[in-house]
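Novice: Position one of the sequence shown corresponds to residue 38 (the working numbering), numbered consecutively onward. Idealized CB from N, CA, C, for every residue including glycine. My structure is below; once you've seen it, I'll send some questions.
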Amino acid sequence: MTEDGVPEVRGFRTRAMVWLLHRFFILRRGMTMGVRAACFDAQGRVFLVRHTYVPGWYMPGGGLERHETALVALRKELREEGNLEIRDEAELFHVYYNRNVSKRDHVLFYRVNVEQTAPRLPDMEIAESGFFALDALPKDTTSATRRRLRELAGEAAKSDYW
């Protein structure tokens, strides 16, 4: 894992989409908080998704809705984005301030062991998904995804910033 990866928010289309989504979230949520997870299968491969609306490969996750706990949101997002079921206890690895998205966004980052119940077919949100060996990540895996995986492996110190 020596490559830096692609930036998560770049280009006019992506910045406009993120800007619009966060304006919508201001109305729905006072502060945004999301969950993401490094999801490992029995072979030690990590699950990544490529969305239709932003460039790069990401670990699955999403925002918390009102009256939703972080673990409920995590289970929901893993099921929706990858047909993944958590097999052990979800381990909270760190909490990050995601200043790349807005001045009020935080990410709860988990490490989980998962099992995929069925292949995840492409749709309007997810273009592709799959499990990847840590030494064979897709070329356009995001820089934040690569940083989190290096932190999990003990190859880098934890940052407070996503």
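Relative to the alpha-carbon of D177, which residue among F61, P92, H88, S196 has its alpha-carbon at the smallest distance?
Specialist: D177 has its Cα closest to that of P92, out of F61, P92, H88, S196.
Novice: Short of 6 Å in beta carbon distance, which residues of its chain neighbour N150, apart from the five on each side in sequence? Order them along the chain.
Specialist: Hits under 6 Å: F77, R124, D125.
Novice: Is the Cβ-Cβ distance between V144 and V72 less than 9 Å?
Specialist: Yes, the Cβ-Cβ distance between V144 and V72 is below 9 Å.
Novice: Under three-state DSSP, which class holds V109?
Specialist: Helix, per DSSP.
Novice: Helix, strand or coil, according to DSSP, for E102 in the structure here?
Specialist: Note: E102 maps to coil in three-state DSSP.
Novice: Please report the residue range of the beta strand (DSSP E) in which L186 lies.
Specialist: Careful: L186 lies outside any beta strand (DSSP E), inside the alpha helix (DSSP H) at 180-189.
Novice: Out of L57, A53, F84, M68, which one is the CA nearest neighbour of P175?
Specialist: Looking at the Cα atoms, F84 is the closest of the given residues.
Novice: For L57, is the classification buried or exposed, using 16 other Cβ atoms within 10 angstroms of its Cβ as the cut-off for buried?
Specialist: It is exposed - the Cβ of L57 has fewer than 16 other Cβ atoms within 10 Å.
Novice: Please list, in chain order, all residues of the same chain as G98 whose beta carbon is under 7 Å from its beta carbon, the five residues on each side excluded.
Specialist: The residues are G71, V72, R73, A74, E114.
Novice: Per DSSP, what are the beta-bridge partners of L85 in this structure?
Specialist: In the DSSP output, where bridge partners are listed per residue, L85 has G167.
Novice: Can you tell me which residues form a DSSP beta bridge with Q153?
Specialist: For Q153, which the question treats as bridged, DSSP gives the partners L121.
Novice: Going by DSSP, which residues form a beta bridge with G71?
Specialist: G71 pairs with G100, V144.
Novice: Distance, Cα to Cα, T89 vs R116?
Specialist: Cα to Cα, the separation comes out at about 18 Å.
Novice: Measure the CB-CB distance between L101 and Y147 and report whether it falls below 9 Å.
Specialist: No, they are not a contact pair.
Novice: Which one of M96, L129, T182, R185 has the shortest CA to CA distance from L108?
Specialist: Ranking the options by Cα distance to L108, first place goes to L129.
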